[in-house]
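Participant:
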Amino acid sequence: MNLRKPEIDFPTEFITTKNKNKMGLIRLCLQHNAKNRPTALEILKSELLPANIEDEHLQNFLRELAKPNTPYYRKLMSNLFTQSSDISKDYTYDINSGNNFDQLSTLLTYIRVRDHMIKTFRHHGAIELNTPLLMPKYNLYEEDKKAVYLIDADGGLVQLPYDLTVPFARYVSRNITDLKRYTFDRVYRENIVGCQPRIIDEVDFDIVHSYPAPMVAEAEIIKIVDEILLEFPPIKSINYVFYVNHANILQIIFDCCRIPEDLSRGVCGLLGQLDKKYTFSQIKAQLMNKYKLSKMMLDELALFDIKGDLEFVTSSLEKLIPSPSMKLQMREVFKGFKLLLDYTKSLGVNHEIIFVPLLVYNWHYYKNGIIFQVVNDNNRKDVLAGGGRYDWLIQQFRNPTIVSGKGRAKQIYGIGVSIAMQKIVFALENYQKAILHSKKVEEEKNLGFWAPRRCDVYVASFGKVLLQERLDLVRELWAHNIKADFMYEEQTDLTPEILTTKCKNQGINWIVIMKYKIQDTTSASRDALMTVKIKNLIKKTEEEVLRSEICMKLSSETMRADLIAQTDYLSAHDYTSTSLSTSPESSSRLSISVVVPPTQKNNKKMKHKQKKLLMDKAHDNISGIVEQIKDNSVPVLAVDLSKELLRKMSDCNVLEDESLKNKILDIAPLHQKEYVLEVQDILKKQRNQGHKHVWLHSHRDDFGILYQFFN
């Protein structure tokens with residue numbers, strides 16, 4: 039090679055495809071003009087240099103990952119999933135995962151809240167239905183939402199639920215129609231420290247229907263949330279209201295302000311933080327900087343930052359929207375809102391409904407439908423629930439091959455609400471702690487409708503090993519439908535004081551302490567003579583009870599405690615009927631009706647004075663019982679007898695052996711005859727203590743009667 043020649047000529051044997059990059063690099067370095075030669079940094083960055091072995095492997099790996107249908111792809115995935123886990127990472131894997139129900143008291147409160155919500159949902163005819171955990175990755179969430187994306191063993195991209203709405207919309211899109219469902223499940227967020235995704239507990243209620251019914255399902259969803267708001271005392275005391283909007287109203291406002299359609303989703307993302315994270319002036323600044331919206335656009339948008347009742351919002355938007363066609367669209371939406379108010383009034387919704395034209399909540403889910411949130415009107419950052427109509431979202435997941443019998447896809451309509459379960463649980467737990475600290479009387483401390491309880495009775499023993507006796511007793515307690523737990527092994531360091539503290543912390547109100555059994559007697563006589571100690575943690579009392587009477591005793595005690603708690607709950611919720619009034623003047627409120635005998639039906643109407651006399655007489659007879667029920671002074675006996683035997687017992691004078699024999703013992707099963715006599719003995723004791731009535735409850739058939747002693 040002659041380096042002095044103007045042109046750069048390579049030897050003939052060097053000019054090959056293999057040396058193409060080398061030739062290019064040499065040519066750059068041999069430029070006669072020094073300004074045209076590359077610097078050392080430019081050479082290092084040049085693609086003409088051969089790649090490092092590691093970089094070359096990486097590029098090959100990335101190329102194979104981009105071709106999921108090649109045989110190498112599956113081999114790569116197989117090798118990827120054969121890695122062994124690092125034991126040190128296992129110890130720190132759950133850091134910052136947000137598992138907030140790791141305390142027993144919190145978990146018990148969660149179960150309490152869940153049970154009450156289920157009752158509300160079931161009253162509306164809903165069933166529990168969970169959806170699959172994983173689904174393919176969808177571009178429904180912005181990057182700042184921190185959704186959790188994973189890769190499966192075949193290399194497919196999947197995601198964990200970010201909310202419970204999208205998985206359900208995908209599920210019902212497979213042609214599931216006419217369903218009311220609820221679910222208690224977890225949603226996930228990306229963990230900033232990696233490892234276990236952050237966990238949030240939510241509850242969803244959804245209504246799916248196959249025929250259009252404007253605002254009917256919406257009204258029922260609002261009614262359900264309204265009932266839940268009234269169910270829990272700490273939530274009931276907060277000024278929660280329904281903020282309502284419609285996706286079409288938002289679109290009209292954006293069109294009116296000339297906001298480009300491709301920016302709508304980003305603008306909605308910022309508007310969703312209004313009065314929660316940012317003020318409107320801060321949002322305006324971000325919209326101007328991020329999306330280059332003009333000041334005039336944003337000033338017009340600010341005019342729509344209003345809220346109020348339907349009449350106020352309607353008149354305000356009529357003035358702000360100049361286009362006649364937009365006004366027509368808006369009026370159609372507000373016709374629907376008028377229906378919504380009528381239906382919620384018919385359903386008896388208690389909480390206020392406020393219309394907010396700039397309310398944004400998952401706008402890209404609820405296109406062309408209603409949007410609502412349950413917000414503390416005194417603090418808009420406190421959002422308890424949110425939802426809307428997601429017909430559009432279901433349609434996005436529809437399989438075009440699924441068609442109805444007439445040859446076209448059947449329309450599926452869906453609306454739902456997501457409720458922040460954790461907020462209710464923590465509010466109720468703090469409420470219960472405050473109640474316990476505020477109560478003066480110690481015996482009230484473990485009672486209360488919302489008191490978390492793991493079980494009612496704990497069976498223990500100290501000193502001698504009595505495991506067999508504990509097993510026998512807890513079996514009988516379970517058979518009598520008493521929630522009970524027992525000590526597994528003898529704990530030498532366990533004292534009665536420590537056990538009492540442990541049971542109090544777990545909401546257990548009775549401790550049964552077994553005693554060492556009597557020797558040199560038959561099994562039957564030993565059980566008859568053996569006594570156990572019952573510690574009542576509510577009243578701070580202890581008493582010796584015959585082993586044979588323990589189940590009857592605890593059934594009565596636990597049922598009495600439940601009745602007291604239920605009475606307090608009903609009183610707090612204003613459910614107590616006015617029929618409990620015992621004054622003669624209020625006899626009409628007792629719903630006393632006079633049933634006229636058939637022989638008098640053809641006669642003229644009974645005189646008012648005569649009817650009043652009969653009503654007063656009925657009232658005088660009933661008022662004493664009502665007063666005792668109000669004072670919780672009527673004993674309760676939970677018995678293992680059938681409904682039929684209890685009904686027979688109501689016609690029998692149980693204090694007389696002959697009457698009991700003729701009406702009860704002769705028809706009672708052979709194995710229960712002795713048990714009936716035990717019940718008779720207890721009823722005699724109740725009568726001797728001065729009681730005139732006793733509640734008899736069959737825990738076998740969940741049936742009860744009020745038994746009145748004959749004399």
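Residue numbers (this note's numbering): 39 to 749. C-beta atoms are modelled at their ideal positions from N, C-alpha and C, and glycine is treated no differently.
1) For residue 551, report the span of its alpha helix (DSSP H) as first-last.
2) Which term fits residue 518, buried or exposed, when burial requires 16 or more other beta carbons within 10 angstroms of its beta carbon?
3) By how many angstroms is the C-alpha of residue 261 removed from the C-alpha of residue 624?
4) Between residue 318 and residue 312, what straight-line distance do the alpha-carbon atoms span, to the nearest angstrom?
5) Can you say whether residue 209 is buried or exposed, counting buried as having 16 or more other CB atoms within 10 angstroms of its CB?
6) What does the alpha-carbon distance come out to for the pair residue 28 and residue 116?
7) Is the beta carbon of residue 201 closer than 7 Å to that of residue 219?
8) Report the start-end ranges of each beta strand (DSSP E) in the stretch 709-740 that is 3 residues or longer and not cut off at the edges.
9) Once DSSP output is grouped into helix, strand and coil, what is the label at residue 512?
10) Compute the Euclidean distance between the alpha carbons of residue 107 and residue 168, then round it to the nearest angstrom.
11) Cutting at 8 Å between CB atoms, please list the residues of its own chain near residue 205, excluding the five before and the five after it.
12) Which class does residue 271 belong to by DSSP, given the choice of helix, strand or coil?
13) Would you check if the distance between the CB atom of residue 457 and the CB atom of residue 246 is smaller than 7 Å?
14) In the DSSP assignment, find the beta strand (DSSP E) that holds residue 219 and state where it starts and stops.
15) Does the stretch 411-426 come into contact with the stretch 296-304, if we say contact requires no fewer than three beta-carbon pairs (one atom in each stretch) closer than 8 Å?
16) Count the other CB atoms within 10 Å of the CB of residue 427; is the residue buried (16 or more) or exposed (fewer)?
17) Straight-line CA distance for residue 103 to residue 80?
18) Any idea if residue 536 is buried or exposed, counting beta-carbon neighbours within 10 angstroms, 16 or more meaning buried?
19) Run through DSSP, which three-state label would residue 346 get?
20) Buried or exposed: residue 255, going by 16 or more other Cβ atoms within 10 Å of its Cβ?
21) Would DSSP call residue 376 helix, strand or coil?
22) With burial defined as no fewer than 16 other Cβ atoms inside 10 Å of the residue's Cβ, what is the status of residue 295: buried or exposed?
23) Taking contact to mean 3 or more Cβ pairs, one atom from each stretch, closer than 8 Å, check whether the stretch 492-507 and the stretch 541-550 are in contact.
24) Leaving out five residues before and five after residue 714 in sequence, what residues of the same chain have Cβ atoms less than 8 Å from its Cβ?
25) By the DSSP assignment, the beta strand (DSSP E) with residue 162 in it spans what residues?
26) Here's the rule: buried if 16 or more other CB atoms are within 10 angstroms of the residue's CB, otherwise exposed. What is residue 595?
27) Cα separation between residue 526 and residue 267?
28) One question on the structure: do residue 767 and residue 65 come within less than 7 Å of each other, judged by their Cβ atoms?
29) Would you check if the distance between the CB atom of residue 399 and the CB atom of residue 391 is smaller than 7 Å?
30) Whose CA, out of 688, 740, 368, lies closest to the CA of residue 718?
31) Residue 535 lies in the alpha helix (DSSP H); which residues open and close that run?
32) Out of curiosity, what's the CA-to-CA distance linking residue 480 and residue 575?
33) Could you name each continuous alpha helix (DSSP H) segment of 4 residues or more that falls completely within the stretch 299-366, going from the start of the chain to the end?
34) Going by the beta-carbon positions, is the gap between residue 676 and residue 586 smaller than 7 Å?
35) Can you name, in chain order, every residue of its own chain whose Cβ lies under 8 Å from the Cβ of residue 132, other than the five neighbours on each side?
36) From 437, 572, 178, 62, pick the residue whose C-alpha is nearest to that of residue 307; which is it?
Facilitator: For this structure:
1) For residue 551, there is no enclosing alpha helix (DSSP H); the residue is part of the beta strand (DSSP E) that begins and ends at 548-552.
2) The C-beta of residue 518 has 16 or more other C-beta atoms within 10 Å across all chains shown, which makes the residue buried.
3) Low per-residue confidence applies at residue 624: pLDDT is 38, beneath 50, and the placement is therefore not dependable, though the value from the model is reported in the following sentence. About 33 Å.
4) Computed Cα separation, rounded: 6 Å.
5) Classified as buried, residue 209 has 16 or more neighbouring CB atoms from the shown chains inside 10 Å of its CB.
6) Because residue 28 is not part of the residues shown, which for the chain are 39 to 749, the question remains open.
7) Against a cut-off of 7 Å, the Cβ pair of residue 201 and residue 219 comes out as no contact.
8) Counting whole runs of 3 or more residues, the stretch 709-740 contains the beta strand (DSSP E) stretches 731-736.
9) Assigned with DSSP and collapsed to three states, residue 512 falls in helix.
10) Going from the Cα of residue 107 to the Cα of residue 168 covers about 33 Å.
11) Take residue 205, set aside five residues on each side of it, and the residues of its chain with a beta-carbon closer than 8 Å to its own are 169, 170, 173, 199, in chain order.
12) Residue state, collapsed to three classes: helix.
13) No, they are not a contact pair.
14) From DSSP, the beta strand (DSSP E) with residue 219 extends over 217-227.
15) Between the stretch 411-426 and the stretch 296-304 there are fewer than three inter-stretch CB-CB distances shorter than 8 Å, so the stretches are not counted as touching.
16) Looking at its Cβ environment, which holds 16 or more other Cβ atoms inside 10 Å, residue 427 is buried.
17) Roughly 30 Å between the two C-alpha positions.
18) So residue 536 counts as exposed.
19) Reduced to three states, the DSSP call for residue 346 is strand.
20) Buried, because 16 or more other Cβ atoms sit within 10 Å of the Cβ of residue 255.
21) Looking at residue 376 - three-state DSSP - the assignment turns out to be helix.
22) Counting Cβ neighbours within 10 Å, residue 295 comes out buried, since at least 16 surround it.
23) With a cut-off of 8 Å on Cβ pairs, the stretch 492-507 is in contact with the stretch 541-550, counting three or more such pairs.
24) So the list reads 679, 683, 698, 702, 703, 706, once near-sequence residues are dropped.
25) Counting along the chain, residue 162 falls outside any beta strand (DSSP E), and DSSP gives it neither H nor E.
26) Buried, since its Cβ has 16 or more Cβ neighbours within 10 Å.
27) Cα to Cα, residue 526 sits roughly 42 Å from residue 267.
28) Within the shown structure, residues of the chain are numbered from 39 to 749, placing residue 767 beyond reach of any answer.
29) Not a contact, by the Cβ cut-off of 7 Å.
30) Cα-wise, what sits closest to residue 718 is 688.
31) Segment 534-543, the alpha helix (DSSP H) holding residue 535.
32) Per-residue confidence for residue 480 stands at a pLDDT of 48, beneath the threshold of 50, marking its modelled position as unreliable; no derived number is given.
33) Complete alpha helix (DSSP H) runs here, min 4: 302-309, 318-329, 333-340, 348-358.
34) Judged by beta-carbon spacing, residue 586 lies beyond the 7 Å limit of residue 676, meaning their Cβ atoms are not closer than that value.
35) Cβ within range, chain order: 233, 234.
36) The shortest C-alpha separation from residue 307 is found at 178.
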